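>
Numbering (UniProt numbering), first residue to last: 1 to 498.
(1) Nearest-angstrom Cα distance between residue 454 and residue 107?
(2) Which of the three DSSP states is assigned to residue 365 in this structure?
(3) So residue 10 and residue 46 are supposed to be a Cβ contact under 8 Å. How far apart are they, rounded?
(4) Thinking C-alpha only, which one of 17, 186, 223 and 56 is nearest residue 30?
(5) Mark residue 28 as exposed unless 16 or more other C-beta atoms lie within 10 angstroms of its C-beta, in which case mark it buried.
(6) Provide the residue span of the alpha helix (DSSP H) that contains residue 272, from first to last.
(7) In three-state terms, what does DSSP make of residue 356?
(8) Would you say residue 150 faces chain D, with C-beta separation under 9 Å as the test?
(9) Of all the options 39, 42, 38 and 21, which has the alpha carbon lying nearest to the alpha carbon of residue 32?
(10) Are the stretch 83-90 and the stretch 232-241 touching, with three or more C-beta to C-beta distances below 8 Å?
(11) Could you give the first and the last residue of the continuous beta strand (DSSP E) run that contains residue 186?
(12) Around the C-beta of residue 481, are 16 or more other C-beta atoms found within 10 angstroms, so that it is buried, or is it exposed?
(13) Sort out for me which residues DSSP pairs residue 247 with in a bridge.
(14) Alpha carbon to alpha carbon, how far is residue 432 from residue 63?
(15) Tell me the rounded alpha-carbon separation between residue 430 and residue 486.
(16) Does the stretch 251-259 come close enough to the stretch 98-107 that 3 or more CB-CB pairs lie under 8 Å?
(17) Sorted by chain position, which residues of the same chain lie with C-beta nearer than 6 Å to residue 246's C-beta, five sequence neighbours on each side aside?
(18) Is residue 301 near residue 292, with beta carbons less than 9 Å apart?
(19) Answer yes or no: do residue 54 and residue 2 have a C-beta to C-beta separation smaller than 9 Å?
(20) Which term fits residue 274, buried or exposed, when burial requires 16 or more other beta carbons within 10 angstroms of its beta carbon?
(21) Tell me the rounded alpha-carbon separation between residue 182 and residue 444.
(22) Check this for me: beta carbons of residue 540 and residue 295, under 9 Å apart or not?
(23) Run through DSSP, which three-state label would residue 86 get?
(24) Counting C-beta neighbours from all protein chains within 10 Å, is the total for residue 189 16 or more, i.e. buried, or is it exposed?
(25) Enumerate in chain order the residues of its own chain whose CB-to-CB distance from residue 72 is below 7 Å, with the five nearest sequence positions on each side excluded.
(26) Under the rule that 16 or more other beta-carbon atoms within 10 Å means buried, what is residue 16, buried or exposed?
(27) Which stretch, first to last residue, makes up the beta strand (DSSP E) that contains residue 483?
(28) Specify the secondary structure class of residue 492 as computed by DSSP and reduced to three states.
(29) How far does the beta strand (DSSP E) with residue 257 in it reach, from first residue to last?
(30) Leaving aside the five residues before and after residue 259 along the sequence, list all residues of the same chain whose C-beta is less than 7 Å from its C-beta, in chain order.
(31) Straight-line CA distance for residue 159 to residue 153?
(32) Can you say whether residue 60 is buried or exposed, counting buried as having 16 or more other CB atoms within 10 angstroms of its CB?
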């Protein structure tokens, strides 16, 4: 009998655990667990995974740790992350959901993203149709809808953004929802296994049940399921969830949110792990059989009871007499499939026209940043260390602070006790020596890097504009006037991507 792979659960301090060993009912081997402790824990975490000889690491990654685990996954090339790093791209932010949907041609409401506040206000004043739905972009969740807002005119939109200081400005055309509700679809192996309507409460427009909304498992339209399946397959997701809006006028389905991190009853987590056991064992364990629209029957059970139920199963259809199968075929409309393995090419690239930072200017310790210039709330650990030239300790301190706080003014960061004068001076010293991503820095800041003057900055910028993003640092050699010595100098200052 073929040896089963070594499974490990990925846990993080202060983050709720989605799976545990009871979900892998019947798995004969020991299942390891590794916990990431934030701060300077990357090296220790990698060593523990290697020491325990884990081959498959199962667990969701929160938005604030996503970039760190991109780096960790590169240090563990023989470990399969489930869901993959690429599949979990949409967990990180609303922007990433938009990028994902645009790359794979998935229907979404018209969406605009602005890092430049002036441009965002101009759009909202002169071009936007109302109502607009304005969201806080960063973070994996809407936290019960509390960071999703409806603006009926420019005056309301400006007042909201002046107060909330969301950066970037993330705004969508509102969809006239059918029956004032949207649909949550959960999938395993690209098959819908649970779907329900969420209706807004009285005098409310948000459908979250935490704000007075209600639920119904009946009459979920097929086009919502079809769109969710298309999204799941595009993400190559072992398990997946979508929030979908149905337009009251046209009946068209639009994706509002999608992610691998979602709330699920215990029996659904059992189903996910039964599917994963089938996947990991190459068929040694049976794939779960979950009939389409089974949620309509389960939805008749009180939700308080559903939260306690475990190990729910469905029998496959078998013919009761010869020939019945051919007369009355009961095959499901959707069949559960093996999720394909993802790779880096599945991660959408940020389009230059709407996603790029408007200004990557670096500031000294006397004025760390201006909120509309450097967006710390949305900056990743990699951004802080490379694009903004911080040492790891300083970047980690800021990332830790951002887990519980939103920075609205430069004084928020300056007053942090953990960020002392010495750390800030160290940041200043590194500004001249840092390596920056040539695809993410504008012409004005490019010419400030040692070895690049005004003329060369323009040549590089023009080449990038003509040919698109640099795919490899070696592309610099294609630029006329950059010889061997100059290339070596630029290579020490510039990089591509992570």
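Where a beta carbon is used, it is the ideal one built from N, C-alpha and C, also for glycine. The structure displayed is predicted, hence computed values, not measured ones.
Let's see:
(1) 43 Å
(2) The pLDDT assigned to residue 365 is 33, lower than 50, so where the model puts this residue is not dependable; a value taken from the coordinates is nonetheless given after this. Reduced to three states, the DSSP call for residue 365 is helix.
(3) Not really, about 12 Å apart at Cβ, beyond 8 Å.
(4) 56
(5) exposed
(6) 266-280
(7) For residue 356, the pLDDT reaches just 34, beneath the cut-off of 50, and the residue's location in the model is therefore unreliable, although a value from the coordinates is still provided. Three-state result, residue 356: coil.
(8) Protein chain content of the structure displayed is limited to a single chain, and chain D is not contained in it.
(9) Ranking 39, 42, 38 and 21 by Cα distance to residue 32 puts 21 first.
(10) yes
(11) 177-188
(12) exposed
(13) Beta-bridge partners assigned by DSSP to residue 247: 177.
(14) Residue placement at residue 432 is flagged as unreliable, the pLDDT there being 44, under the threshold of 50; the coordinate-derived value follows with that caveat. Between residue 432 and residue 63, the C-alpha separation is close to 30 Å.
(15) Because residue 430 carries a pLDDT of 44, less than 50, the predicted location of this residue cannot be relied on, and the following value inherits that uncertainty. Cα to Cα, the separation comes out at about 21 Å.
(16) Between the stretch 98-107 and the stretch 251-259 there are three or more inter-stretch CB-CB distances shorter than 8 Å, so the stretches are counted as touching.
(17) 178 and 253
(18) no
(19) no
(20) buried
(21) 45 Å
(22) One cannot answer for residue 540 here, as it falls past the ends of the chain, which runs 1 to 498.
(23) coil
(24) buried
(25) 42, 45 and 46
(26) Exposed: under 16 other Cβ atoms inside 10 Å.
(27) Where residue 483 is concerned, there is no enclosing beta strand (DSSP E), given that its DSSP letter is neither H nor E.
(28) coil
(29) 253-259
(30) The residues are 90, 91, 140 and 241.
(31) Whole-angstrom Cα-Cα distance: 10 Å.
(32) Counting Cβ neighbours within 10 Å, residue 60 comes out buried, since at least 16 surround it.
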